[in-house]
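The structure appears below as structure tokens.
In my numbering, the protein residues as written are 131 to 546.
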């Protein structure tokens, strides 16, 4: 029997390992931390549900009572709102997903994968990987003891640990501007209406920064500030006083957290945007955040993790069954395409083009449906022009809106 080593027990690793076990392979997952453990990335997209379902992980998750996420709402400084409902998207898909606390969700994924037959070795830190033709050896330390595993294939789903990128010199800087986040979990007793379902995004500081609010089913909410590096450090200074003051007094939140206690203390993360030189090589493949992480604004992280984990597993299955696999076309090009679509929307958020579109009072409903599909994670649906033409369509549409608005202003001035 072929033995496959998966590095990392997060969503990418759980999806990849569960799928491969279902196909009859022996899979061992090496995870450096003990579970349950806390990690950021708390809002899913409907595209995730497809991967979880195909990997055989979804049925037990449906019983966990996570917070249903029906869509996403965006605000601007004028308190205008643009809400997207996943039930109204262009692509055919799930019309809802979840907001989740990863300390619970990742453990639930592991438990479901174990039931499917996956073996997990926690507190196991990979220290070396040797790849020589068809000979692949993974060395790891567990409880101070060094051990090795002979593997037919290695799947790196180590997330921010980025095991193979570091060991095999695959890392490269991200092209995204360096940013960071400060976040905490608050008691959320003042939520009302759609706020109980949606992730809420409020920009501030001339679109360079924004605040998220992610409600959970236990009556708490994750509240985070995303800014450029120096501003993030300023929010975290002096025991996070600036962060707490901002959250408690931000006018668009209408006092929602003015007196709220926090259940998880504030934390700062910096430099989360990363890249790699290549996503695969002889006998190995990278998936999830081991490949690239862009920005949290559209909650793309877990979606890219689950989609890449499933696709990687399917290609590993083919290769180990003796089929020819074009990893460049079938995997790296495919994943990079989705990443680049998300990148266009991330950049469109920070340069203001998306906000021009979102807060245009005359936004075409069909355009909104197509953008909603991207926000639902369907960044590979080329039937959608807002996917196929992602490099130019946002800037073109924003320019048209600005021209129309200018014409209206001129007409009004003429009337006066």
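All residues carry an ideal CB built from backbone N, CA and C; glycine is no exception.
Asked	Found
Segment contact flag, the segment 231-238 with the segment 508-524, C-beta cutoff 8 Å, min 3 pairs	no
From 494, 375, 411, residue whose alpha carbon lies closest to that of residue 457	411
Pick from 522, 414, 430, 395 that is closest to residue 229, judged by C-alpha positions	430
Whole-Å CB distance - residue 476 paired with residue 423, under 8 Å assumed	With 8 Å as the limit, residue 476 and residue 423 do not qualify as a contact, their Cβ atoms being about 11 Å apart.
Residue 273 - DSSP class collapsed to helix/strand/coil	coil
Span separating the alpha-carbon of residue 386 from that of residue 322	10 Å
Cβ-Cβ distance between residue 317 and residue 349 below 8 Å	yes
Classification of residue 193 by the beta-carbon crowding that lies within 10 angstroms, buried from 16 upward	exposed
Identity of the residues DSSP links to residue 301 by a beta bridge	406
C-alpha distance - residue 381 paired with residue 533, whole-angstrom precision	31 Å
Secondary structure, alpha helix (DSSP H): runs of 4+ residues fully inside the segment 383-468	431-450
For residue 304 and residue 261, the rounded distance between their alpha carbons	27 Å
Three-state class that DSSP yields for residue 358 in the structure shown	strand
Counterpart residues of residue 268 in DSSP-defined beta bridges	259, 279
Cβ-based burial, residue 168 [other Cβ within 10 Å; buried from 16]	exposed
Cα-Cα separation between residue 459 and residue 465, rounded to whole angstroms	9 Å
Residues near residue 509 by beta carbon distance below 7 Å, same chain, minus five either side	468, 471, 472, 517
Where residue 232 sits in the DSSP three-state scheme	helix
Under 8 Å between C-beta atoms of residue 266 and residue 172	no
Own chain partners of residue 147 with C-beta closer than 6 Å, once the 5 adjacent residues on each side are dropped	136, 157, 159, 243, 248
Close beta carbons around residue 400, own chain, < 7 Å, minus the five adjacent residues each side	310, 359, 362
Beta-carbon spacing of residue 312, residue 256 below 8 Å	no
Per-residue DSSP class, three states only, for residue 211	strand
Three-state secondary structure (DSSP) of residue 248	coil
Best match in 488, 474, 499 for proximity to residue 522 [C-alpha to C-alpha]	474
Same chain, Cβ closer than 7 Å to residue 302, five either side skipped, listed in chain order	405, 406, 407
One or two residues paired with residue 167 in a DSSP bridge	None; residue 167 has no bridge partner.
Nearest residue (CA-CA) to residue 420, options 208, 183, 286, 282	286
Beta-carbon proximity check, residue 227 vs residue 189, cutoff 8 Å	no
Sequence-distant residues of the same chain with beta carbon closer than 7 Å to residue 531, five excluded per side	486, 487, 490
Own chain, CB closer than 7 Å to residue 206, minus 5 neighbours either side, in chain order	333, 485, 489
Sub-8 Å separation of residue 221 and residue 450 beta-carbons	no
Residues of its chain near residue 343, where Cβ-Cβ distance is below 6 Å and the 5 sequence neighbours each way are ignored	330, 351, 353
Close-in-space but distant-in-sequence residues of the same chain around residue 500 (CB under 7 Å, 5 per side omitted)	220, 514, 515, 516
Three-state secondary structure (DSSP) of residue 133	strand
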